[in-house]
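Everything below concerns the one structure shown next.
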Amino acid sequence: MTYTRDSRGRSPSRFQKSYSSQGRSRPQGRFSRGNTPRRRTPAYFNPSAIISQSTVSEAAVETYTSKHTFADFKLSSELSRNIEQKGYITPTPIQDQAIPIILEGKDVIGIANTGTGKTAAFLIPLLNKVILDSSFKVLIVAPTRELAVQIRDELREFVGSMPIYSTLCIGGSSTYRQKQDLRRKPNFVIGTPGRLKDFIQDRSLNLSLFSSVVLDEADHMVDIGFIHDIKFIVSFLPPVRQSLFFSATVDGKVKEVLQNFVKNPITISVKKQDATSSVKQEVIRLEKGSNKIDKLHDLLIQKEFEKVLIFGRTKWGVQKLSDELIQRGFKVGAIHGNKNQNQRLRTLFDFKNNNIQILLATDVASRGLDIDNVSHVINYDMPASYEDYIHRIGRTGRADKTGIALTFID
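To convert, take the position in the sequence shown, counting from 1, and add 39; that gives our numbering.
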């Protein structure tokens, strides 16, 4: 085992360990489609050492004492019951600070990572407003289809049996069905910028009727080129509204969006804890001539790799790797831009419910995913930036659990 710096000369604090295999390269052979992956015998590479010798980064974890319980927020009785049924008792820091401010009708800038409970932080108070006033309408804008679906699903859990309707406006699904849903005059419209823009342009969606708007993961929407679509959407909103803005960072072009979006906002930041403090980070360095898929195979057959999220750089590469792992007998699913919405949702359902062991994804398709009990994140392809790296490894090590992130270095 050797400690190394990465290609930019950074110290091991970000990429903590480097594991080298000096074994002979093995030609890739043909693998049968059995029910379980075939166990190969590695010559010199022992994947179990990765688990036993890894260390946690020593970032100080700042504790937070909640000022409220959910009972303190004076929510409607049915909403309170639904919150209790979800097992919520003490709000997370972002919920504790944001919910009372949103209930007061003020604009909010929430600086928070995925996995901090920020979705419930805006859904709970906005839903309470709808319960009190059936004419209250909410627009929620998310960067990806998957995140939009997750927000809608969480909203449905809070709604329960109440007659409050929501609709999705996202690509990859029937525009006809979505337009039909809009005609039902839903209280919540949740969508991605491109599809929302289309519906505004063909007058299927009238934003002048909306009382509140949420931009979720605004930094990522800007990163993937939606800044003009966001400005277009905001221009159709009524001047008197409640605006909620959630982002992991607020800098550069993100500030452009903020200029005309919020008025006298209250800023809440809960990014005081190192996002990687609960994640063990390790590097797997490939020797010249070694077989990358074989090394991945050797990892995945270890019992510790219970629920694994693997990141690839391209749609084509993710699908090719998925096909190869399926051929080797692994239970695998893949999400990327070439999959239609139904395929992606089915794959996510299977992964969340442990019908498949491994999920492969591109960065864009995985944005905002909130999946419990991911034991390992594997960067099969290097991320484009350190920010992408942090986002990837943040899919594990959640809810006071320790996760493991492995990065292949060619």
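Beta carbons are placed, not taken as given, at the ideal position from N, Cα and C, and that holds for glycine. Owing to the predicted nature of the structure, the values given are computational and were not obtained by experimental measurement.
Quiz item: Among residues of its own chain, excluding the 5 on either side of D449, which ones have a beta-carbon nearer than 7 Å to its beta-carbon?
Solution: One-based indexing of the sequence shown puts residue 449 at position 410. Its chain contains L325 as the residues whose beta carbon lies nearer than 7 Å to that of D449, once the 5 sequence neighbours on both sides are disregarded; these appear in chain order.
Quiz prompt | Enclosing alpha helix (DSSP H) for S119 [first to last residue] | solution = The count along the sequence shown starts at 1 and reaches residue 119 at position 80. For S119, the enclosing alpha helix (DSSP H) begins and ends at 116–124.
Quiz item: Using CA coordinates, which residue listed in R383, L360, N152, S329 is at the minimum distance from V289?
Solution: As a first step, residue 289 must be located in the sequence shown, where it is residue number 250. Residue N152 holds the alpha-carbon nearest to the alpha-carbon of V289 among R383, L360, N152, S329.
Self-check item: Nearest-angstrom beta carbon gap, S361 and V347 [assumed within contact, 8 Å]
Solution: Working through the sequence shown from its first residue, we reach residue 347 at position 308. Working through the sequence shown from its first residue, we reach residue 361 at position 322. Not really, about 12 Å apart at Cβ, beyond 8 Å.
Quiz item: Quick one, are the C-beta atoms of I410 and L445 less than 8 Å apart?
Solution: Taking the sequence shown and counting its residues from 1, the one referred to as residue 410 is at position 371. Taking the sequence shown and counting its residues from 1, the one referred to as residue 445 is at position 406. The criterion of a C-beta distance shorter than 8 Å is not satisfied by I410 and L445.
Quiz item: Taking I150 as the reference, which of I133, L384, P182, N381 has the closest Cα?
Solution: Locating residue 150 in the sequence shown gives position 111, where the first residue counts as 1. For I150, the closest of I133, L384, P182, N381 by C-alpha to C-alpha distance is I133.
Quiz item: How is T214 classed by DSSP in three states: helix, strand or coil?
Solution: Reading the sequence shown from its first residue, position 175 is the one you call residue 214. In this structure, T214 counts as helix in the three-state DSSP scheme.
Quiz item: Which residue comes first and which comes last in the alpha helix (DSSP H) that contains E295?
Solution: Residue 295 sits at position 256 when you count from the first residue of the sequence shown. First-last of the alpha helix (DSSP H) with E295: 292–298.
Quiz item: How long is the line joining the alpha carbons of Q136 and I307, rounded to whole angstroms?
Solution: Residue 136 sits at position 97 when you count from the first residue of the sequence shown. Residue 307 sits at position 268 when you count from the first residue of the sequence shown. Spanning the two alpha carbons is a distance of roughly 7 Å.
Self-check item: Beta-bridge pairing of V309 - partner residues as DSSP gives them
Solution: The count along the sequence shown starts at 1 and reaches residue 309 at position 270. BP columns for V309 are empty, so no partner.
Quiz prompt | R385 (DSSP reduced to helix, strand or coil) | solution = What you label residue 385 is simply residue 346 of the sequence shown in a count that begins at 1. Three-state DSSP puts R385 in a helix.
Practice problem: Please work out which residues of its chain come closer than 7 Å, Cβ to Cβ, to G210, disregarding the five sequence neighbours upstream and downstream, and give them in chain order. | Solution: As a working note, residue 210 is residue 171 in the sequence shown. Hits under 7 Å: R184, T231, G233, R234.
Self-check item: Inter-residue spacing [alpha-carbon to alpha-carbon] between I432 and L408
Solution: Position 393 of the sequence shown holds residue 432. Position 369 of the sequence shown holds residue 408. Whole-angstrom Cα-Cα distance: 12 Å.
Quiz prompt | Alpha-carbon to alpha-carbon, G376 and D172 | solution = The residue you call residue 172 lines up with position 133 of the sequence shown. The residue you call residue 376 lines up with position 337 of the sequence shown. In a straight line, the C-alpha of D172 is about 39 Å away from that of G376.
Practice problem: Would you check if there are 3 or more beta carbon pairs closer than 8 Å linking the region 117–129 to the region 279–286? | Solution: No contact exists between the region 117–129 and the region 279–286.
Quiz item: For T206, which beta-bridge partners are listed by DSSP?
Solution: If you number the sequence shown from 1, residue 206 lands on position 167. T206 is bridged to V228.
Practice problem: Ignore the nearest five residues each way along the sequence and tell me which others in F369's own chain have a CB closer than 7 Å to its CB. | Solution: The count along the sequence shown starts at 1 and reaches residue 369 at position 330. The answer, listed in chain order, is P76, L339, Q396, I397.
Quiz item: Beta carbon of R216: closer than 7 Å to some heavy atom of the ligand COA?
Solution: Within the structure as shown, the ligand COA is missing, as the structure has no ligands at all.
Exercise. For K168, I'd like the list of residues in its chain whose CB is within less than 6 Å of its CB, leaving aside the five on either flank, ordered along the chain.
Key: Taking the first residue of the sequence shown as 1, we reach residue 168 at position 129. Cβ within range, chain order: F175.
Exercise. Sort out for me which residues DSSP pairs T446 with in a bridge.
Key: Within the sequence shown, residue 446 is the residue found at index 407, counting from 1. Note: T446 sits in a beta bridge opposite V322, N418.
Quiz item: Can you check whether the CB of V261 is closer than 8 Å to the CB of V180?
Solution: As a first step, residue 180 must be located in the sequence shown, where it is residue number 141. As a first step, residue 261 must be located in the sequence shown, where it is residue number 222. In this structure, V261 does not lie closer than 8 Å to V180 by Cβ.
Quiz prompt | Nearest candidate by alpha-carbon position, reference K125, set G199, D146, V177, F284 | solution = By 1-based counting over the sequence shown, the position of residue 125 is 86. Comparing alpha-carbon positions, the option among G199, D146, V177, F284 lying closest to K125 turns out to be G199.
Exercise. Determine the direct distance from the alpha carbon of S115 to that of N354, and round the result to whole angstroms.
Key: Locating residue 354 in the sequence shown gives position 315, where the first residue counts as 1. Locating residue 115 in the sequence shown gives position 76, where the first residue counts as 1. The sequence given here places Lys at residue 354; Asn does not occur at that position. Roughly 45 Å between the two C-alpha positions.
Exercise. Find the nearest neighbour of V318 within the set P225, T158, S205, I429, judged by alpha-carbon distance.
Key: On the sequence shown, position 279 is the one that residue 318 refers to. Of P225, T158, S205, I429, the residue nearest in Cα terms is I429.
Exercise. Select from G291, K113, I332, I349 the residue whose C-alpha is nearest the C-alpha of P422.
Key: Along the sequence shown, read from residue 1 onward, the residue named residue 422 stands at position 383. Closest option to P422, judged by alpha-carbon separation, among G291, K113, I332, I349: I349.
Quiz item: For V309, which option in S250, N303, A160 has the closest C-alpha, if you only look at C-alpha atoms?
Solution: As a first step, residue 309 must be located in the sequence shown, where it is residue number 270. Comparing Cα-Cα distances from V309 to each of S250, N303, A160, the minimum goes to A160.
Quiz item: Quick one: Cα of S458 to Cα of V228, how far?
Solution: Lying outside 40 to 449, the shown extent of the chain, residue 458 is not represented and no answer is given.
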